[in-house]
Amino acid sequence: MRNLFHTTLAALSLGMALAAPASAQDHSAHAGHGAMADASAATSTGQTDVLTAGEITRVDARTGKLTIRHEEIKNLDMPPMTMVFALSSSAQSASFKAGDKVLFHAEDKDGSLIITRIQPAS
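Start counting the sequence shown at 45; every next residue gets the next number (the working numbering).
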C-alpha cells in the first residue's frame, strides 16, 4: 500500500510539473539543448535554412532581444517553449511588436543562441 501511495504521489507531481506554464527564459547566452556541435553537421543534414514558427511575446529594444513562444527548433533539437533570443542585428527589434507571428532561424554562435533570420509569418 505504501509503494502505491508513493507511486501515485510521484505521478501527480510529474503531471503538475508538466502542466505548469513555461516562463520565458533567457537562453541567448548559452545553447546546450542538444545543439549540433558544429556548422558542418548542420550543413550535411540540410537544416541550416530551417525556419521555426513563433509568436513574439515581448520586445526589448534596449538590448535588441525578443521573447518568443516557439515551436520545436529542429536544427537545435530544442522542444517548444518560451524564451529570450538575441538578434544578430539589435536594430531589427524595432520592426516587431508583441503579438507578431514570425518565422525565424536561430543558431548557436559560440555558445549563444542568436536569431540570424526573422520574417513575419504569412
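Glycine included, each C-beta is placed from N, C-alpha and C at the ideal position.
Because the structure is a prediction, the values reported are computed rather than measured.
May I ask you to report which of helix, strand or coil DSSP gives residue i?
{"i": "S156", "result": "strand"}
{"i": "R102", "result": "strand"}
Nearest-angstrom Cα distance between residue i and residue j?
{"i": "R102", "j": "F129", "result": "11 Å"}
{"i": "L120", "j": "G108", "result": "21 Å"}
{"i": "G98", "j": "F148", "result": "8 Å"}
{"i": "F140", "j": "V94", "result": "21 Å"}
{"i": "A138", "j": "M127", "result": "18 Å"}
{"i": "G78", "j": "T111", "result": "Reliability of the predicted coordinates at G78 is poor, the pLDDT of 42 falling under 50, and the value obtained from them is presented with this limitation in mind. Using only the alpha carbons, I get a separation of about 21 Å."}
{"i": "T89", "j": "I117", "result": "Residue placement at T89 is flagged as unreliable, the pLDDT there being 43, under the threshold of 50; a coordinate-derived value is accordingly withheld."}
{"i": "S57", "j": "M122", "result": "Confidence at S57 is low in this model, with a pLDDT of 44, below 50, so the placement of that residue is unreliable and no value is reported for it."}
{"i": "P164", "j": "G155", "result": "26 Å"}
{"i": "G143", "j": "A150", "result": "19 Å"}
{"i": "D152", "j": "Q136", "result": "19 Å"}
{"i": "D104", "j": "S166", "result": "23 Å"}
{"i": "I100", "j": "E115", "result": "12 Å"}
{"i": "D82", "j": "T96", "result": "Bear in mind that the predicted position of D82 carries a pLDDT of just 40, short of 50, making it unreliable; the figure below should be weighed with that in mind. When rounded, the distance between both Cα atoms is 20 Å."}
Do residue j and residue i count as a contact pair if the criterion is CB distance below 9 Å?
{"i": "R106", "j": "P124", "result": "no"}
{"i": "I158", "j": "V146", "result": "no"}
{"i": "T160", "j": "S132", "result": "yes"}
Run through the DSSP bridge pairs and tell me what residue i is partnered with.
{"i": "V94", "result": "DSSP, once it has assigned bridges, lists no residue as partnering V94."}
{"i": "A150", "result": "I159"}
**Item:** Entirely enclosed beta strand (DSSP E) segments - the segment 112 to 144, minimum 3 residues
**Value:** 125 to 131
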